[in-house]
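The structure appears right after this line, and notes come after that.
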Amino acid sequence: MTTPKLRLGVNIDHVATLRNARGSAWPDPLRAALLAEAAGADGITAHLREDRRHIRDGDMDALRAGIGIPLNFECGATAEMQAIALRLKPHAVCLVPEKREERTTEGGLDVAGDDNRLATYIAPLRDAGCRVSMFISHDPRQIEASARIGAAVVELHTGLYSDLHAEGREAEAEAEAELQALREGAALAHSLGLEVHAGHGLTYDNVGPIAAIPELVELNIGHFLMGEAVFLGLGPAIEEMRRLMDLARAG
Ligand code: PXP
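Heads up: the sequence shown begins at -11 in this note's numbering, then just goes up one per residue.
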């Protein structure tokens, strides 16, 4: 199969985390998004959590109005978020499971266990022209359910792979097995007509094998890039990720 250039979606949530730590107006997530755009990002992702711990409603409005690349609105599948998405009409809406106690999105969405509700939930978003994405594990049941309910995209959760990779030699075999399951999940999703994305926990060290999965069209990366931005600057940090993704893609 052909391997199109992999899109890089930059998640700017943690610029807002830093801003909110001091209750000031800076650093500004929109400014980060514009810098990311200038550095070659193909899209901007922002997660409006129920508790507004990082991105706030005003940030979403500013991003929607201010950026020139696609906006991926990440949210829980609640009535409140559906209404916001229908008002904003972003390019994409990525549905994630959300628990108040978690530090970050810890697992994938249970599409198979909530398929009737989610089918009804996504219909108006699709009708409004948004590409609806399900953030799921590589479990074939979740992939098949996402196709069945009419999602356009699945984003495969790479968090476990990233954690295992970080453990080094101790967990090498487990990391490889998880990578293989992600490869098989991507192939299955593609065969069902879904566009396939991936993300969570990706870094310069672990992105290569993920970027090399041919069915993948987009990676969404946030926390690591914002950390690297402290040392390198946001533009160079993104450019390096872009370089590593292209390198892995080239074979
Ligand atoms: N994709 C989704 C659906 C996410 O929830 C997150 C985290 O907000 C990411 C990608 C990016 O993960 P990270 O910040 O670990 O790069």
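Glycine included, each C-beta is placed from N, C-alpha and C at the ideal position.
- At the C-beta level, GLU166 and LEU180 stay beyond 7 Å of one another.
- Taking a contact as a CB-CB distance under 8 Å, the pair MET233 and ALA199 counts as one, their CB atoms being some 4 Å apart.
- With the criterion CB distance below 6 Å from any heavy atom of ligand 1, the matching residues run ASN(-1), ASP1, HIS35, GLU62, CYS82, VAL84, THR92, THR93, PHE123, GLU143, GLY187, HIS188, GLY189, LEU190, ASN208, ILE209, GLY210, HIS211 and PHE212 along the chain.
- Residues ALA135 and VAL142 of the same chain have their beta carbon placed closer than 6 Å to that of LEU182, with the five preceding and five following residues left out of the count.
- When DSSP assignments are scanned along the region 63 to 104, the uninterrupted stretches of alpha helix (DSSP H) that are 4 or more residues long and fall wholly within it turn out to be 67 to 76.
- Rounded to the nearest whole angstrom, the CA to CA distance from GLY239 to SER12 is 45 Å.
- Per DSSP, reduced to three states, the secondary structure at GLU155 is coil, with no helix or strand assignment.
- No residue range can be given for THR146, since it is assigned to no beta strand (DSSP E) and is classified by DSSP as neither H nor E.
- Out of LEU190, ALA34 and LEU18, the CA that lies nearest to the CA of ILE209 is found in LEU190.
- The region 34 to 50 and the region 2 to 9 touch, with three or more beta-carbon pairs separated by less than 8 Å.
- Taking the CA atoms as reference points, VAL195 sits about 10 Å from HIS153.
- Cβ atoms of MET229 and LEU204 stay farther apart than 8 Å, at about 14 Å.
- Note: ALA199 is not bridge-paired with any residue in the DSSP secondary-structure output.
- For GLY28, same chain residues with a beta-carbon under 6 Å away, outside a window of 5 residues either side, are ARG230 in chain order.
- Assignment of beta-bridge partners to ALA186 by DSSP yields LEU144 and LEU207.
- For the set LEU222, ILE226 and GLU158, the Cα lying nearest the Cα of ASP16 is the one of LEU222.
- Just so you know, the alpha carbons of GLY117 and LYS77 end up roughly 7 Å apart.
- In the DSSP assignment, ARG52 falls within the alpha helix (DSSP H) that extends over 45 to 54.
- Per DSSP, reduced to three states, the secondary structure at ASN60 is strand.
- Around ILE131, the same chain offers ILE124, VAL142, GLY173, LEU176, ALA177, LEU180 and LEU182 as residues with beta carbons nearer than 8 Å, after the five sequence neighbours per side are excluded.
- Each of GLU68, TYR109 and VAL(-2) was checked against the Cα of HIS211, and the nearest Cα belongs to VAL(-2).
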